[in-house]
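Colleague:
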Amino acid sequence: MPLITHNEKEGIRTLLISSGAAAVGFARAGSITEERSILFRRWVESGSAAGMDYMRRHTPLRDTTESVLPGAATVISMAFGYASEAERDPALPSVSRYAWGQDYHDVLREALKESVGKLTEIYPGAGFRICIDSAPVDERYWALEAGIGIRGRNGSVIVGGCGGYNFLVELLTTLEIEPDDPSRGLCEDCGACLKACPTGALQPDGTIDCRRCLSYLTIEHRDDWDAVGTEAMRTPAGLHTLFGCDICLRVCPHNRHSDESKTIALLRPSGTTLSLTAQEVLSMSRERFNALLKGTPLRRARHEGLLRNARNTLYIKP
Ligand code: SF4
Ligand code: SF4
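Just so we're on the same page, the working numbering is the position in the sequence shown counted from 1, plus 1.
1) Verify the contact flag: Arg342, CB atom, against every heavy atom of ligand 2, threshold strictly below 8 angstroms.
2) Who does Glu171 pair with in a DSSP beta bridge?
3) Consider the C-beta atom of Leu215 and the heavy atoms of ligand 1; say whether any pair is separated by less than 8 angstroms.
4) Hey, how far is the Cα of Leu120 from the Cα of Pro3?
5) Out of Gly128, Asn291, Leu93 and Ala112, which has the shortest C-alpha to C-alpha gap to Phe168?
6) Quick one: measure Cβ to Cβ for Arg301 and Ile220, integer angstroms, because I've assumed they're closer than 8 angstroms.
7) Taking the continuous beta strand (DSSP E) assigned at Arg29, which residues delimit it?
8) Could you check which residue in Gly82, Asp181 and Gly118 has the C-alpha nearest to that of Leu267?
9) Our contact map puts Ser78 next to Leu16 with C-beta atoms below 8 angstroms; I'd like the distance itself, whole angstroms only.
10) Going by the CB atoms, is the gap between Ala30 and Thr75 shorter than 9 angstroms?
11) If you draw a straight line from the alpha carbon of Thr264 to that of Cys163, how long is it in whole angstroms?
12) Using only alpha-carbon positions, find the residue among Val170, Gly165 and Ile123 that is nearest to Ser135.
13) In the DSSP assignment, the alpha helix (DSSP H) including Thr219 goes from what residue to what residue?
14) Would Tyr6 be called buried (16 or more neighbouring beta carbons within 10 Å of its own) or exposed?
15) Grab the span of the alpha helix (DSSP H) containing Thr208 for me, first residue to last.
16) List the endpoints of the continuous alpha helix (DSSP H) containing Thr242.
17) Looking only at DSSP bridge pairs, what is Thr65 linked to?
18) Is it a yes or a no for the segment 170 to 190 touching the segment 86 to 98, going by three-plus beta-carbon pairs under 8 angstroms?
19) Determine the contact status of Arg37 and Asp107, defining contact as a CB-CB distance below 9 angstroms.
20) Quick check on Val138: does DSSP put it in helix, strand or coil?
21) Within 10 angstroms of the Cβ of Gly153, are there 16 or more other Cβ atoms? Answer buried if so, exposed if not.
22) What did DSSP end up calling Leu187 once you bin it into helix, strand or coil?
23) Among Thr34, Asp181 and Gly150, which has the Cα closest to the Cα of Lys10?
24) Ends of the alpha helix (DSSP H) at Glu232?
25) Measure the beta-carbon distance from Thr314 to Leu240 and round it to whole angstroms, keeping in mind my assumption that it falls under 8 angstroms.
26) Any heavy atom of ligand 2 inside 8 angstroms of the beta-carbon of Asn155?
27) Can you tell me where the alpha helix (DSSP H) with Asp107 in it begins and where it stops?
28) Should Asp134 be counted as a contact of ligand 1 given a C-beta to heavy atom distance under 8 angstroms?
29) Identify which residue in Ser85, Glu122 and Cys253 has its Cα closest to the Cα of Ala191.
30) Determine the closest residue to Ala279 out of Ser259, Leu93 and Glu146, with distance taken between C-alpha atoms.
31) Could you check how far apart the C-beta atoms of Arg213 and Ala202 are, in whole angstroms? I think they sit under 8 angstroms.
32) For Arg154, which three-state DSSP category applies?
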């Protein structure tokens, strides 16, 4: 199959943008740079991955796209914006904006079904694999290689029209598509995110020490928090957090405005997550948790985890 360029390449981009992507870019698949690989290993070895053992296990797999799709020639990197005009009552314990509605994994897989289906018809025999946090792919590295945004000091990839409020998705393919120019740009570098992080989790190099990050502690962490985690969760921001944290995104000047045409709809008509109180969580049986929060990102915290978080929001400092 000859290299795909010009109109044919733009046709693929247009098709994927029609799925709702705010930006689509192409990078040559293969190995990440040695520098990037070393940085990630250092981050894991420093303990910053906290209890996410899969990060340790997947470290060698992230180094190359071969471990995800053998024969991959191109990484198609996509960003889907999700900033929402809806507001959650600030009196309620906070829930990350991305979790105010349906689970984005389901929404994005559904959104891409038709476009990727068309690609498999146009290019029979070509291999495709969609990765929505579902494979060990260094998504930020590939997004920058594909030139779809710039690097934010807060660890996000800032994309035109949706800022850092985006989900990164990769479509790996055996098709050889002419790469776009990589992005070497940096955000405004104002330092607001570093200053605003309430627990000191955000590091000056843009990495996050998950041991004290409210997002990690309220979503991924299983069981009770250790002393460092407890200290973070007993800060005023931690005491106000039910699920996830957007503070380092919220203060970013790149996120002040978003273009509605570059965001995907996530909210469910019922708005279940938007109005959830700590008391409602505490009175939820496991069955109720499963039924009410089915198809929402909150399930990731599991029943025990959400209860733990809700209890913390009602904690009164001695
Ligand atoms: S998500 Fe919250 S706690 Fe974590 S680094 Fe950002 S501001 Fe800090
Ligand atoms: S808040 Fe400032 S330093 Fe942080 S990502 Fe945004 S522009 Fe960059």
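Yeah, the Cβ is synthetic: ideal placement off N, Cα and C, and Gly gets one too.
Modeller: So, from the data block:
1) Given that the chain is displayed from residue 2 to residue 319, the structure contains no residue 342 and the question cannot be resolved.
2) For the purposes of this step, residue 171 is taken as residue 170 along the sequence shown, with counting starting at 1. Bridge partners of Glu171: Ser78 and Cys132.
3) Residue 215 sits at position 214 when you count from the first residue of the sequence shown. For ligand 1, at least one heavy atom lies less than 8 angstroms from the Cβ of Leu215.
4) The residue labelled residue 120 in the question sits at position 119 within the sequence shown. The residue labelled residue 3 in the question sits at position 2 within the sequence shown. Between the alpha carbons of Leu120 and Pro3 lies a distance of about 16 angstroms.
5) On the sequence shown, residue 168 is found 167 positions in, with the first residue counted as 1. Cα-wise, what sits closest to Phe168 is Ala112.
6) Stepping through the sequence shown from its first residue, residue 301 is reached at position 300. Stepping through the sequence shown from its first residue, residue 220 is reached at position 219. Right, their Cβ atoms sit about 6 angstroms apart.
7) As a working note, residue 29 is residue 28 in the sequence shown. Going by DSSP, Arg29 is part of the beta strand (DSSP E) stretching over Ala24 to Arg29.
8) For the purposes of this step, residue 267 is taken as the residue at position 266 of the sequence shown. Taking only the C-alpha atoms, the option nearest Leu267 is Gly82.
9) For this step, residue 78 is matched to residue 77 along the sequence shown. For this step, residue 16 is matched to residue 15 along the sequence shown. Not a contact, Cβ separation roughly 15 angstroms.
10) In the sequence shown, counting from the first residue as 1, residue 75 sits at position 74. In the sequence shown, counting from the first residue as 1, residue 30 sits at position 29. Contact flag set, yes.
11) By 1-based counting over the sequence shown, the position of residue 264 is 263. By 1-based counting over the sequence shown, the position of residue 163 is 162. Each residue's Cα considered, the two are about 7 angstroms apart.
12) The sequence position of residue 135 within the sequence shown is 134, counting from 1. Nearest option by C-alpha distance: Val170.
13) For this step, residue 219 is matched to residue 218 along the sequence shown. In the DSSP assignment, Thr219 falls within the alpha helix (DSSP H) that extends over Leu215 to Ile220.
14) Along the sequence shown, read from residue 1 onward, the residue named residue 6 stands at position 5. According to the sequence as given, residue 6 is Thr; it is not Tyr. Exposed.
15) Taking the first residue of the sequence shown as 1, we reach residue 208 at position 207. First-last for Thr208: undefined, no H or E at that position.
16) Taking the sequence shown and counting its residues from 1, the one referred to as residue 242 is at position 241. Looking at the DSSP string, Thr242 is not in any alpha helix (DSSP H); the run it does join, the beta strand (DSSP E), is Thr242 to Phe244.
17) Residue numbering aside, residue 65 sits at position 64 when the sequence shown is read from its first letter. Paired residue(s): Ser32.
18) By the Cβ test, the segment 170 to 190 is not in contact with the segment 86 to 98, since fewer than three Cβ pairs between them sit closer than 8 angstroms.
19) Mapped onto the sequence shown, residue 37 falls at position 36. Mapped onto the sequence shown, residue 107 falls at position 106. Result no, Cβ atoms of Arg37 and Asp107 do not sit closer than 9 angstroms.
20) As a working mapping, residue 138 is identified with position 137 in the sequence shown. Coil at Val138, not helix or strand.
21) By one-based count along the sequence shown, residue 153 stands at place 152. Counting Cβ neighbours within 10 Å, Gly153 comes out buried, since at least 16 surround it.
22) Start at 1 with the first residue of the sequence shown, and residue 187 comes out as number 186. In the three-state reduction of the DSSP assignment, Leu187 falls in the strand class, which pools E and B.
23) Along the sequence shown, read from residue 1 onward, the residue named residue 10 stands at position 9. The shortest C-alpha separation from Lys10 is found at Asp181.
24) For this step, residue 232 is matched to residue 231 along the sequence shown. Looking at the DSSP string, the run of the alpha helix (DSSP H) that includes Glu232 is Ala228 to Met234.
25) The count along the sequence shown starts at 1 and reaches residue 314 at position 313. The count along the sequence shown starts at 1 and reaches residue 240 at position 239. That belief holds up - the Cβ atoms of Thr314 and Leu240 are roughly 6 angstroms apart, short of 8 angstroms.
26) Looking up residue 155 in the sequence shown gives position 154. Ligand 2 approaches Asn155 closely enough that one of its heavy atoms is under 8 angstroms from the residue's Cβ.
27) To locate residue 107, count along the sequence shown from 1; it is residue 106. From DSSP, the alpha helix (DSSP H) with Asp107 extends over Tyr105 to Ile123.
28) Along the sequence shown, one-based indexing puts residue 134 at 133. Asp134: no, Cβ never under 8 angstroms from ligand 1.
29) Position 190 of the sequence shown holds residue 191. Contrary to the premise, residue 191 reads as Cys rather than Ala in this sequence. Closest by alpha carbon: Cys253.
30) On the sequence shown, residue 279 is found 278 positions in, with the first residue counted as 1. It is Leu93.
31) Residue mapping note: residue 213 aligns to position 212 of the sequence shown, counting from 1. Residue mapping note: residue 202 aligns to position 201 of the sequence shown, counting from 1. The C-beta distance from Arg213 to Ala202 rounds to 4 angstroms, short enough to fall under 8 angstroms.
32) Taking the first residue of the sequence shown as position 1, residue 154 is located at position 153. Looking at Arg154 - three-state DSSP - the assignment turns out to be coil, as it is neither helix nor strand.
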